[in-house]
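Quick note on our numbering: the sequence shown kicks off at 20 and runs consecutively. By construction, the Cβ of each residue, glycine as well, lies at the ideal position given by its N, Cα and C atoms. Keep in mind the model is a prediction, meaning the values are calculated, not measured.
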Amino acid sequence: MEPTTLTTDRLVLRPFRPADEEEVHAAAQDPDIQRWTQVPSPYERTHAHAFVNEIVPTGWREDTAYPFAVRLRAPDGADAEGPLVAAIGVHLHTAESTEVGYWAVKEHRGNGYMTEAVLAVARWVFTELGIVRLEWRAEVGNAGSRAVAEKAGFRVEGLLRAGILQRGTARDCWIGALLPEDLDLTPSLPYLPAAGR
Numbered sequence: 020m021e022p023t024t025l026t027t028d029r030l031v032l033r034p035f036r037p038a039d040e041e042e043v044h045a046a047a048q049d050p051d052i053q054r055w056t057q058v059p060s061p062y063e064r065t066h067a068h069a070f071v072n073e074i075v076p077t078g079w080r081e082d083t084a085y086p087f088a089v090r091l092r093a094p095d096g097a098d099a100e101g102p103l104v105a106a107i108g109v110h111l112h113t114a115e116s117t118e119v120g121y122w123a124v125k126e127h128r129g130n131g132y133m134t135e136a137v138l139a140v141a142r143w144v145f146t147e148l149g150i151v152r153l154e155w156r157a158e159v160g161n162a163g164s165r166a167v168a169e170k171a172g173f174r175v176e177g178l179l180r181a182g183i184l185q186r187g188t189a190r191d192c193w194i195g196a197l198l199p200e201d202l203d204l205t206p207s208l209p210y211l212p213a214a215g216r
């Protein structure tokens, strides 16, 4: 996949670059990011370096993951980028399993940026990649991630026992999904819901 940039009214979403290393390292010092996501803990500078220089380019090149740096747009609509406010990634596990994951920089939470970014990425995967179903998972108790998913239109479908592996421990997680129809988009494949739905 050719690296892609997405824009919304307030945000620029583009693949992480080496120049983002310092901001990634600073953001990942947040105990909540280390608690609820799969970033290493403690999060060292070498982790940020490997992420922006190796993990991100490899994911795009091999079509296994598409991580985006989420930055504020310039107020006047110019192409200039503001600070890093979040990270979001699409992970292609199998043909039937595509998952979105995200974290927000602590100082920028509560402004709706994460929901805006999730919706932009969802529209992109449905219209450009032909994804049929976008999944979201979060460890039970991660209320912030669940709130974002629900605001973006994900339907929480249940609880998966031992559905997330986190630092050597299997943990229960919520799972939800978003379909193209949920965003008034045309699906790439016909969908036949179960009888009675």
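Closest Cα partner of residue i within the set the options
| i | options | result |
| --- | --- | --- |
| A162 | A181, C192, E154 and V140 | C192 |
| N72 | V159, A38, L25 and L32 | A38 |
| W55 | S207, Y121, G129 and E63 | Y121 |
| V58 | A181, P34 and Q185 | Q185 |
| S116 | S164, A84, G187 and D203 | A84 |
| R92 | G78, P50, L25 and S60 | L25 |
| G182 | L111, W155, A171 and P199 | W155 |
| D201 | F173, L32 and P94 | F173 |
| I52 | R128, W79 and E81 | R128 |
| S207 | F35, A213 and V151 | V151 |
| P76 | R64, L138 and R33 | R33 |
| P86 | A189, G149 and V31 | V31 |
Spatial neighbours of residue i in its chain, beta-carbon cut-off 7 Å, leaving aside the 5 residues before and after
| i | result |
| --- | --- |
| H261 | The question about residue 261 has no answer, for the chain in this structure spans 20 to 216. |
| G131 | none |
| V124 | A46, L103, V104 and A105 |
| D49 | K125 |
| R64 | H44 |
Coarse secondary structure for residue i, derived from DSSP in three states
| i | result |
| --- | --- |
| R128 | coil |
| T77 | helix |
| I150 | coil |
| G120 | strand |
| Q57 | coil |
| V31 | strand |
| R186 | coil |
| T23 | coil |
| F70 | helix |
| E63 | coil |
| F145 | helix |
| A47 | coil |
C-alpha distance - residue i paired with residue j, whole-angstrom precision
| i | j | result |
| --- | --- | --- |
| M20 | G160 | 34 Å |
| G215 | A99 | 50 Å |
| G101 | R90 | 6 Å |
| A136 | L179 | 25 Å |
| I74 | G177 | 31 Å |
| H112 | M133 | 22 Å |
| W79 | V140 | 14 Å |
Contact set for residue i: own chain, Cβ-Cβ below 8 Å, skip 5 residues either direction
| i | result |
| --- | --- |
| V175 | R165, A168, E169, W193, I194 and G195 |
| L204 | R142, F145 and T146 |
| R190 | E158, V159, A181, G182, I183 and L184 |
Other residues of its chain near residue i: CB distance less than 6 Å, five sequence neighbours each side excluded
| i | result |
| --- | --- |
| D28 | none |
| L197 | A141, L153, G172 and F173 |
So, do the segment 97-114 and the segment 41-51 have three or more beta carbon pairs nearer to each other than 8 Å? Contact check between the segment 97-114 and the segment 41-51: three or more CB pairs, one atom from each, fall below 8 Å, which counts as touching.
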